[in-house]
Structures are given as structure tokens and as C-alpha cells.
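This note's numbering numbers the first residue of the sequence shown as 289 and each following residue consecutively.
A virtual CB, placed ideally from N, CA and C, is assigned to each residue, including glycine.
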Amino acid sequence: MKHWRIEQMNWNSFDPQRVDPDMIPVIKAASVVERNGLDYARYLKNVFADDPAFARAADNWAVEEVQHGDALGRWAMLADPGWDYMTAFARYQKAYSLDLEVDASIRGSRTGELIARCMVETGTSSFYTALADATDEPLLKAICKQIAADEYRHFKLFYDHMHRYLRRERLGVWQRTRIALGRVTESEDDELASAFHTTNEPASMPYDHRRCIAAYMSRALRLYKPRHAVRVTGMILKTIGWAPHGRLSGLLSSAVYRLLMMRQRKFARMTAAA
Numbered sequence: 289m290k291h292w293r294i295e296q297m298n299w300n301s302f303d304p305q306r307v308d309p310d311m312i313p314v315i316k317a318a319s320v321v322e323r324n325g326l327d328y329a330r331y332l333k334n335v336f337a338d339d340p341a342f343a344r345a346a347d348n349w350a351v352e353e354v355q356h357g358d359a360l361g362r363w364a365m366l367a368d369p370g371w372d373y374m375t376a377f378a379r380y381q382k383a384y385s386l387d388l389e390v391d392a393s394i395r396g397s398r399t400g401e402l403i404a405r406c407m408v409e410t411g412t413s414s415f416y417t418a419l420a421d422a423t424d425e426p427l428l429k430a431i432c433k434q435i436a437a438d439e440y441r442h443f444k445l446f447y448d449h450m451h452r453y454l455r456r457e458r459l460g461v462w463q464r465t466r467i468a469l470g471r472v473t474e475s476e477d478d479e480l481a482s483a484f485h486t487t488n489e490p491a492s493m494p495y496d497h498r499r500c501i502a503a504y505m506s507r508a509l510r511l512y513k514p515r516h517a518v519r520v521t522g523m524i525l526k527t528i529g530w531a532p533h534g535r536l537s538g539l540l541s542s543a544v545y546r547l548l549m550m551r552q553r554k555f556a557r558m559t560a561a562a
């Protein structure tokens, strides 16, 4: 069941004077990625074809993901009345698609697939938390808080199923670490770059991955503060089987924050050069 519904949001609270124009392109890109949850659910149900409990969970997860996209898309149309969410989503689907004809995880095991999903939810939960903290626009803040809470619940969903499969497949800590870090590095692949291109650039403009990922990441990463890096680090450590709190976590979260800021500066330079 959904924990909230779009119509429950106070859409009359939208305040155009408090919109940060630099956030709008990020919201547009995020909206189409979130709405693509139905395709991800199809992929997951193929991988877990003989697990009806997980299939039901994947369907419920996808419904909430689509709602995230619809809420963000509706907000973006208020912020930019000349933009059309569903037209942009149709363009995104033509530009980027998943391989849905699979019967096994690309991660090598079902545990590995669930670790990868935990990493995605770690990223989205922290991103929407950071976005909610950064914006002064009341409607966007409320939407992002709802989405961040959903994404944390999604993390727990995949985490619980991961432990169910871990008892069978027995992946060690280092195997789990390798899968987790591998999925983190994929955040700079074509999914987000294509989303930025199809929601923010004219159809006549050729797609360039380097330009588009830099434009997205330079804006998204600047939202993060040290407390958000602490959240990311704790969730990653929990997933791979290490203590999510303590001295090691504190040291790693400081390193993660420095890395995020280094990446942000790099992408900002790339955007300026482009």
C-alpha cells in the first residue's frame, strides 16, 4: 500500500519565488528515472520468477516509484510551465531501455541483485533527503521528504530479502563489498545522463554522455552535506555486513564526503568547459 498519495500534497503551497532554477533540471531528470520503475519491476520479476513473495513486493515497489516520478514531474511543470512531463518520459523511454528478456541477475546471484538494489535505494534516499534539506520551496520540500522516507523503506525491503537469500548463497563480506561498490560506480552510466538529455535538452541536440552526466552530477552533488555522507556510509556498511556506526564509519563518511565534493568540482569544471 502507498504510504501517501499525490492528491494529499498541498499543491497550492507551491511558491515560484522560492524555486532554485538550478534544481529544476535535476528534478526533471529524476522524474523520468523514477517513473521507469515498472520496467525495473519486470526485470526483477524475471530474475525472481519462482519467488511470488518477492514478485508482489516488486510490484508494490514499482507503484511507489511511479508515484515519485509523477509527483516530481507535476512539480517540474509548475516550475517550468513550458515543459511536459509525459512527453519527456516518452522520449526517455526511446533513448534508454533495460534488457528485460533475462532469467538471471546480471550481478551473478540473487543476493548480488538485492545488494545492488540496496545501493540504489541508498543513493535515492540520501539524494532526496539532501534535496529536501537544500530547497526553500515548500511543496518540493514536502514531496522530497515523502519520497526519501519511501526510499528508506525500499532499502529495508531489499535488505530483508537480501538476508533471506544470503542464507542460501552465502556471499562473503568481500564479495558483497565488490558488488556494492560496483553498483555505486554505475551511477554515472547512461541512465542518468540520458534522463538529463531527454528532459532538458532539445531533440535536435545530439546526445553526449560526458556533457550530460556532468550537467546532472554537478547540480546533484552540490546538495550534499557531511550529514548526508554519514547516512550513505552507514547504509552501505550495513548492506555489506560491517558495523554501520563507530570509528570506522566516521572515518569512512568523512572520506565519502570529500570524494563527493571532489567529484562535484570535477563535473562543474566539465560543465563550464562545455
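{"Item": "From which residue to which residue does the alpha helix (DSSP H) around Y373 run?", "Value": "373-383"}
{"Item": "Look at A367 and I294 and say whether their C-beta atoms are less than 8 Å apart.", "Value": "no"}
{"Item": "List the endpoints of the continuous alpha helix (DSSP H) containing V472.", "Value": "461-473"}
{"Item": "Is the region 354-373 touching the region 381-396 in the sense that three or more CB pairs, one from each, lie closer than 8 Å?", "Value": "no"}
{"Item": "Can you list, in chain order, the residues of its chain with a C-beta nearer than 7 Å to that of G259? Leave out the 5 residues immediately preceding and following it.", "Value": "Given a span of 289 to 562 for the chain in the structure shown, any question on residue 259 remains unanswerable."}
{"Item": "Go to K429, then tell me how far its alpha helix (DSSP H) extends in each direction, as first and last residue.", "Value": "426-457"}
{"Item": "Check whether the Cβ atoms of A317 and L427 sit closer than 8 Å, and answer yes or no.", "Value": "no"}
{"Item": "Flag S414 as yes if its beta-carbon sits less than 8 Å from any beta-carbon of chain D, otherwise no.", "Value": "The structure shown contains no chain D, having only a single protein chain."}
{"Item": "Between D478 and the rest of its own chain, which residues show a CB-CB distance below 8 Å, the 5 nearest in sequence each way excluded?", "Value": "Y384, H497"}
{"Item": "Rounded to whole angstroms, what's the CA-CA distance from A468 to P494? Just pull it up for me.", "Value": "32 Å"}
{"Item": "Using the Cα positions of Y453 and M523, report the straight-line distance between them to the nearest angstrom.", "Value": "19 Å"}
{"Item": "Taking the alpha-carbon of W462 as reference, which of A350, W530, R455 has the nearest alpha-carbon?", "Value": "W530"}
{"Item": "Just tell me which of E389, A418, L547 has its CA closest to the CA of A508.", "Value": "A418"}
{"Item": "Near T538, what residues of its chain come up, given a Cβ to Cβ distance below 6 Å and the 5 sequence neighbours on each side ignored?", "Value": "Looking at the sequence itself, residue 538 is Gly, so the reference to Thr does not match. Excluding sequence neighbours, G538 sits near nothing in its chain."}
{"Item": "Which runs of the beta strand (DSSP E) spanning at least 3 residues fall entirely within the region 308-388, listed in chain order?", "Value": "none"}
{"Item": "Is A337 buried or exposed, if buried means 16 or more other CB atoms sit within 10 Å of its CB?", "Value": "exposed"}
{"Item": "Taking the alpha carbon of K444 as the point to measure from, which residue in M297, R398, Y416, C406 has its own alpha carbon closest?", "Value": "C406"}
{"Item": "Do you know whose CA, among K526, T559, V518, lies nearest L540's CA?", "Value": "V518"}
{"Item": "Does DSSP put S301 in a helix, a strand or coil?", "Value": "helix"}
{"Item": "So what does DSSP say about A560, is it helix, strand or coil?", "Value": "helix"}
{"Item": "Rounded to whole angstroms, what is the Cα-Cα separation between T399 and R535?", "Value": "28 Å"}
{"Item": "Report all residues from its chain with a CB closer than 7 Å to the CB of H533; omit the five preceding and five following residues, and keep chain order.", "Value": "G522"}
{"Item": "Candidates I315, A430, L360: which alpha carbon is nearest H485's?", "Value": "I315"}
{"Item": "Where does P514 fall in DSSP's three states?", "Value": "helix"}
{"Item": "With respect to the alpha helix (DSSP H) encompassing T423, which residues constitute its N-terminal and C-terminal limits?", "Value": "Segment: none, T423 is in no alpha helix (DSSP H) and carries neither H nor E."}
{"Item": "Where does K290 fall in DSSP's three states?", "Value": "coil"}
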